[in-house]
Amino acid sequence: MKKILSMFLIFVLAFASLPSMLIKAESPSGKKGTLTIHKFEQEPAGSPALQEGNSTGVEIPKGAKPLAGVVYQIKQVESFGTITNDGKIVKEDIKPVNGVPIEVETNADGIAFFDDLPLGRYEVKEISGPPHVNIDPKTYKVDIPMTSEDGKVLTYDVKIYPKNETKRGAVELTKVGVKNQALKGVQFSLFKEDGTELEKGLETDGDGKIRIGNLAYGKYYFLETKARDGYVLDPKKYEFFIKESGAINEDGTVKAGEVVKVDVKNYEEPTIDKKINGDLNNLPINTKTDYNYDIKTLIPEDIKDYKNYVVTDVLDSRLEIQGTPVVKIDGKVVDASVVEVVVDGQKVTATVKDFSKLDNKREFHLQIKSQIRSDVETGVEIPNTATINFKNKDDVTGEKETKPVIVTPTTGSITLTKVDGKDGKKLEGAEFALQDKDGNPVKIDGKAVVGTSDKDGVITWNKLPYGEYRIVETKAPTYEKEDGTTGSYQQLREAIRVTVDADHKAITLTVENNKSGWILPSTGGIGTILFTVLGLVLMMAAAFVFFRKKATNN
């Protein structure tokens with residue numbers, strides 16, 4: 023009986039200690055674990071930043087790539103001690119601890135391995151990483167060992183699969199011109215730092231904007247490929263750096279993160295225009311008469327940084343420069359220290375010497391006084407142009423030529439036909455002189471303009487400058503009388519006034535003359551005797567009256 027009782031007590035004690043023995047088998051004293059971090063990079067909007075796993079791993083998202091160079095730090099914050107059993111309560115001994123941080127950098131396969139880790143809870147966080155990915159700022163906690171999601175497996179070799187998003191940023195280019203006005207229609211290409219062209223034909227909108235998103239981390243530059251009409255093409259590379267993720271909406275509002283701003287200003291290219299006497303494109307003008315060529319340029323805003331600015335005018339050989347050309351800046355004459363003017367034969371050059379004096383100015387005005395030579399063919403147009411050559415601070419060069427302006431030597435002609443006013447017979451031998459409107463003799467090529475009617479009664483004067491004239495008859499024609507003597511036609515009592523102009527280039531006049539109405543007898547003929555007799559009779563009558571009156575008085 024005693025033997026049976028002893029056996030029973032031994033059996034009871036053995037079963038009473040069984041739970042404690044089973045739990046200790048689950049967590050033997052001195053057990054340690056490992057943590058393997060498999061680091062991947064992926065495009066934005068991918069999987070969650072951190073996935074837990076076990077020894078069998080997890081499914082890696084398509085497109086994710088192992089990421090080297092990420093430094094992870096783990097730190098134990100709680101320890102898992104032995105499981106105790108007082109017969110009533112079985113519990114795990116968990117204590118807070120302040121572990122020593124451990125840092126490991128992912129290798130080429132994106133793996134950071136931590137081994138010989140005491141059981142417990144660890145904080146896991148990214149310390150640093152490659153610049154082209156976003157560093158996860160969160161701190162995660164991992165238990166070693168880790169219980170599977172279904173609660174059936176306890177893993178001492180823990181694996182986690184965090185993923186970092188590749189940085190994708192956005193850029194906004196703003197293009198402005200004069201007075202910072204937005205420039206529409208300017209074209210750019212986008213390049214990577216190494217010169218690889220990513221996009222071309224990018225064109226600024228109505229606000230002068232170009233917006234591009236989804237740009238990977240890295241350096242880029244914009245290059246202008248087509249300028250707006252009237253502007254100088256900008257050859258500079260406008261570089262920018264996508265350092266952080268960001269997104270931009272079509273209206274320019276920031277959708278997320280950081281948007282890089284690139285500001286580009288274009289400057290107007292110089293313009294040049296040529297006129298005659300201020301605002302004329304065509305001028306009919308007399309030879310040897312002064313007129314002005316007015317060459318004007320629009321001074322660009324960045325003129326102070328220019329390296330070259332030259333206006334050139336080569337006058338036609340049929341023209342003559344009068345005096346010294348002058349340059350005005352905004353209406354004020356400047357000297358050679360600012361703009362140097364050189365006349366070399368028919369060539370006039372105006373070269374800017376002090377660009378600082380043109381800063382904030384708007385108009386460059388070269389004025390050349392000229393005449394048409396006297397020996398040129400009349401009625402033939404003489405065109406003339408001017409050019410500007412420039413080089414700006416970016417070594418962009420250009421040359422522009424004006425549209426031609428035209429001067430035409432204006433000459434006319436006067437044709438007189440002298441006829442008998444009674445029968446229309448052509449009268450030869452009438453002499454005329456041409457005067458200006460004030461009565462001064464007109465000279466062509468240094469000679470007074472006069473003429474004598476030919477057998478057809480005609481006088482013709484050519485190469486007459488436009489103007490008002492007086493035609494004066496200096497000698498009337500003569501004719502043969504019936505008795506064989508010579509008679510004279512009446513001489514014109516007044517000058518004939520005419521105007522030669524564009525509407526009256528060839529004036530044709532018929533001048534009628536009448537024979538003189540006072541007929542004088544020949545000297546020594548009967549007429550002379552008759553007048554002599556009459557004179558004597560009158561004298562005798564006068565004497566008779568005188569003496570008779572005297573006698574009566576006595």
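Per our numbering, residue 23 is the first one in the sequence shown, and the count goes up by one each step. By construction, the Cβ of each residue, glycine as well, lies at the ideal position given by its N, Cα and C atoms.
The Cβ atoms of Asp316 and Gln389 lie closer than 8 Å to each other. Within 10 angstroms of the beta-carbon of Pro118 lie fewer than 16 other beta-carbons, which makes it exposed. Here the segment 285-302 does not lie against the segment 363-379, with fewer than 3 beta-carbon pairs under 8 Å apart. Inter-segment contact for the segment 167-181 and the segment 193-213 is absent: fewer than three beta-carbon pairs are separated by less than 8 Å.
The way I'd put it, the segment 485-496 does touch the segment 518-525; three or more beta-carbon pairs between them come closer than 8 Å.
According to the DSSP assignment, Lys222 belongs to the beta strand (DSSP E) that extends over 219-225. Fewer than three beta-carbon pairs drawn from the segment 406-420 and the segment 444-461 are found closer than 8 Å, and the two stretches are therefore not classed as touching. Straight through space, the alpha carbons of Asn186 and Ala278 are spaced by roughly 17 Å.
It is roughly 7 Å from the alpha-carbon of Ile481 to the alpha-carbon of Thr439. Boundaries of the beta strand (DSSP E) harbouring Thr532: 528-535, taken from the DSSP string.
DSSP lists no bridge partner for Thr309. Distance from the Cα of Asp138 is smallest, within the candidate group Lys147, Asp327, Lys53, for Lys53.
Counting along the chain, the unbroken beta strand (DSSP E) around Asn107 starts and ends at 93-107. DSSP places Ile325 within a helical segment (H, G or I) once states are collapsed to three. Note: Pro487 is bridge-paired with Thr433 in the DSSP secondary-structure output. Here Lys379 carries a helix assignment [DSSP, helix/strand/coil]. For Ile529, the number of other beta carbons within 10 angstroms of its own is at least 16, and it is reported as buried. Out of Lys160, Gly173, Lys318, the CA that lies nearest to the CA of Pro184 is found in Lys160.
Exclusion of the five residues before and after Lys241 leaves Glu215, Phe263 as the residues of its chain whose Cβ lies within less than 6 Å of its Cβ. Rounded to whole angstroms, the gap between the alpha carbons of Tyr94 and Asn271 is 35 Å.
The beta-carbon distance between Ala470 and Ala452, rounded to whole angstroms, is 17 Å. This is too long to meet the 8 Å contact definition. With a contact defined as Cβ atoms closer than 8 Å, Val349 and Ala408 miss out at about 13 Å.
Secondary structure of Asn303 (DSSP, three-state): coil.
Taking 8 Å as the cut-off, the Cβ atoms of Ala498 and Asn535 count as close. With distances taken between CA atoms, Ser150 lies nearest to Glu125 out of Leu141, Glu125, Gly401, Lys283.
Under the three-state reduction of DSSP output, Leu388 falls in the strand class. Following the DSSP letters along the chain, one finds Thr346 in no beta strand (DSSP E), marked with neither H nor E.
Within the same chain, Phe62, Glu63 come within 7 Å of Lys87 by CB-CB distance, once the 5 residues on both sides are set aside.
Counting only runs of at least 3 residues, the segment 406-483 fully encloses the following beta strand (DSSP E) elements, listed from N- to C-terminal order: 408-413, 419-423, 427-431, 433-442, 453-458, 472-474. Remark: C-beta atoms of Val155 and Lys189 approach each other more closely than 8 Å.
Contact between the segment 324-332 and the segment 303-311 is not established, with fewer than three Cβ pairs separated by less than 8 Å. Taking the Cα of Asn120 as reference, the smallest distance to any Cα among Gly142, Lys318, Leu224, Gly207 is reached at Gly142. Listed in chain order, the non-local C-beta contacts of Arg384 below 8 Å within the same chain comprise Leu320, Ile321, Asp352, local neighbours out to five positions each way being set aside. Straight through space, the alpha carbons of Asp525 and Ser510 are spaced by roughly 36 Å. The three-state reading of DSSP puts Ala563 in helix, counting H, G and I together. When only Cα atoms are considered, Gly473 and Val429 end up about 30 Å apart.
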